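Student: Once you've had a glance at the structure underneath, I'll fire off some questions.
Protein chains: 2
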Amino acid sequence: MAARLFAERGYHGTSIGDLAKALGVQKGSLYAHIESKQDLLYEAMREGAEAFHAALDAVPDDLPAGERIRLALRAHLRVVAEQLDVATVFVREWRYLEGDRAAEFLGERRRYEERFRALFRDGRERGELRTDLDDQAAARLVLSAANWAYTWLPAGADTDELADRFYAILADGIRGYATPR
Amino acid sequence: MAARLFAERGYHGTSIGDLAKALGVQKGSLYAHIESKQDLLYEAMREGAEAFHAALDAVPDDLPAGERIRLALRAHLRVVAEQLDVATVFVREWRYLEGDRAAEFLGERRRYEERFRALFRDGRERGELRTDLDDQAAARLVLSAANWAYTWLPAGADTDELADRFYAILADGIRGYATPR
DNA sequence: GCTCCTTACGAACGATCGTTAGGGTCTAAG
DNA sequence: CTTAGACCCTAACGATCGTTCGTAAGGAGC
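If you read the sequences in order, they're chains A and B. Counting from 15, one number per residue, gives the positions in the first sequence under the working numbering. Counting from 15, one number per residue, gives the positions in the second sequence under the working numbering.
Here is the structure:
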């Protein structure tokens, strides 16, 4: 609930009064449920982290590397589209977390990126991907594209199809003379 | 000057008092130079737009499509690294522009994205890139990666090398059996 | 029936917000 | 010397911020 407003107007752009009004309640009443505004931001971040990790968990690990990457991309984009609010907080508003919670977020993000990178590394090591692949750069390329999607994703877009389009480009490159599928 | 603080703490997270202190001045004194806080955000956005467009202007148009894309990626990443403040405002803080200025930004971004997309479309139409290339998706993939870079770019990173790494992945794909270079 | 806990209210708190006003100091042109 | 304008000061403005307070209604468990 709070995540929606944070995503819309930003953390500092959303007042406790705004949140209370959205809930149909006086602003003082909110403090029966939270200790501070920061708590709401923290909860939204945690929700986002959980959603992204859960989506990645659902990718089977007995598939070829390419397929796993395609499915991971689908999973990530689906979270962005279906849980846009918490996803937005996770990718953009986390910066306003204070104290240990900011560090906790960074750890969470690092862990997620590492899981993503492993998809590429494993694929390379098993010989399913190019042997000279820069897996760090590849993971960042994909994750960046997926993270940025929320800025232009139209509501109700088919994210699976979009993920497949990205993957098609990524798999064979933009140059001609495509390798056989 | 203001862009730095906006990039660091966000627009709403930066007070006029903060800006004044950074300039070694009382906050009331700022209003001899600006009409409102919004003006500072607007100026930073305009600076960012100009920097990105100027960087793209410097890409020669008598090169093969692949080279132009590689250079455009270099140019974009260089702006992000060397003018991180205005670049950050352009990609993230623009949302707090009010009234016509928000619309003006959207037009500016659209124009920039269109210029980027044209690189891919032209390359495809001239037969220098895959004939089945989805130029819209490709442009978004590249621009997203470039835009997101500011979140993890280490200070003093070699952005040209990074751009080339991205391009290498993009050109030939991640799969094995690379096309001959 | 009594007590406890949750939830909510309305009012108020001190702090900080963006902005304005009035007055002062300096510099450069007339 | 005078004047105009640029620049900065201090002080204050009304508004809004996040948070706290005392109180009260309602339900659950004894």
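For each residue, glycine too, the CB sits at the ideal point set by N, CA and C. It should be emphasised that the depicted structure is a prediction, and the values quoted were computed from it without experimental measurement.
(1) Taking the alpha helix (DSSP H) that residue 59 of chain A belongs to, which residues open and close that run?
(2) Would you please verify whether the beta carbon of residue 180 of chain A is less than 8 Å from any beta carbon of chain B?
(3) If you reduce the DSSP assignment to three classes, tell me which class residue 88 of chain B lands in.
(4) Please decide whether residue 177 of chain B counts as near chain A, where near means a Cβ-Cβ distance under 8 Å.
(5) Apart from the five residues on each side of it in sequence, which residues of its chain come closer than 8 Å, Cβ to Cβ, to residue 23 of chain B?
(6) Assign residue 140 of chain B to one of three DSSP states: helix, strand, or coil.
(7) Could you tell me whether the stretch 95-103 of chain B touches the stretch 154-167 of chain B, using the rule of 3 or more Cβ pairs below 8 Å?
(8) Using only CA atoms, which one of B:186, B:47 and B:121 lies nearest to residue 144 of chain B?
(9) Is residue 189 of chain A helix, strand or coil by DSSP?
(10) Sorted by chain position, which residues of the same chain lie with C-beta nearer than 7 Å to residue 48 of chain B's C-beta, five sequence neighbours on each side aside?
(11) In whole angstroms, what separates the C-alpha of residue 18 of chain A from that of residue 113 of chain B?
(12) Excluding the five sequence neighbours on either side, which residues of its own chain have a C-beta within less than 7 Å of the C-beta of residue 91 of chain A, listed in chain order?
(13) In whole angstroms, what separates the C-alpha of residue 70 of chain B from that of residue 43 of chain A?
(14) If we count the other Cβ atoms within 10 Å of its Cβ and call it buried at 16 or more, is residue 194 of chain B buried or exposed?
(15) Could you work out which residues of chain B lie near residue 155 of chain A, taking near to mean beta carbons separated by less than 8 Å?
(16) Just to confirm my understanding: we take residue 28 of chain A, look at its own chain, exclude 5 residues before and 5 after, and list those with CB closer than 7 Å. What are they?
(17) Does DSSP classify residue 39 of chain A as helix, strand or coil?
(18) Using a Cβ-Cβ cut-off of 8 Å, state whether residue 32 of chain B counts as contacting chain A.
(19) Cβ closer than 8 Å: which chain A residues qualify as neighbours of residue 121 of chain B?
(20) Identify, in the order they occur along the chain, each residue of the same chain with its Cβ nearer than 8 Å to the Cβ of residue 66 of chain A, setting aside the five sequence neighbours on each side.
(21) With 8 Å as the threshold, decide whether the Cβ of residue 111 of chain B is near any Cβ in chain A.
(22) Between the Cα of residue 14 of chain B and the Cα atoms of B:128, B:188, B:183 and B:121, which residue gives the shortest distance?
(23) Can you list the residues of chain B that residue 148 of chain A reaches, using a CB-CB cut of under 8 Å?
(24) List the residues of chain A that residue 26 of chain B touches, going by C-beta distances under 7 Å, in chain order.
(25) Which residues in chain A sit within 7 Å of residue 162 of chain B, going by Cβ to Cβ distance?
(26) For residue 48 of chain B, does the three-state DSSP call read helix, strand or coil?
(27) Using a Cβ-Cβ distance under 8 Å, would residue 144 of chain B count as near chain A?
(28) Within the stretch 154-183 of chain B, note down every full alpha helix (DSSP H) run reaching 4 residues or more, in order along the chain.
(29) Quick check on residue 77 of chain A: buried or exposed, where buried means 16 or more other Cβ atoms within 10 Å of its Cβ?
Tutor: Answer, in terms of the structure:
(1) 51-71
(2) yes
(3) helix
(4) no
(5) 32
(6) coil
(7) yes
(8) B:186
(9) strand
(10) 54
(11) Rounded to the nearest angstrom, the gap between the Cα atoms of residue 18 of chain A and residue 113 of chain B is 22 Å.
(12) The beta carbon of residue 91 of chain A lies closer than 7 Å to those of 160, 163, 173, 176 and 177 in the same chain, with the five residues before and after it left out.
(13) Taking the straight line from one Cα to the other gives about 52 Å.
(14) Only weak support exists for where residue 194 of chain B lies, its pLDDT of 43 falling under 50; the value from the coordinates is given anyway. It is exposed - the Cβ of residue 194 of chain B has fewer than 16 other Cβ atoms within 10 Å.
(15) 155, 159, 180, 183 and 184
(16) 19 and 20
(17) coil
(18) no
(19) The contact set of residue 121 of chain B on chain A, defined by CB atoms closer than 8 Å, is empty, because the minimum CB distance reaches about 14 Å.
(20) 90, 93, 101, 104 and 126
(21) no
(22) The requested residue 14 of chain B is not part of the displayed model; chain B covers only 15 to 195.
(23) 179, 182 and 183
(24) 24, 26 and 27
(25) 158, 161 and 162
(26) coil
(27) yes
(28) DSSP runs (the alpha helix (DSSP H)) wholly in the stretch 154-183 of chain B: none.
(29) exposed
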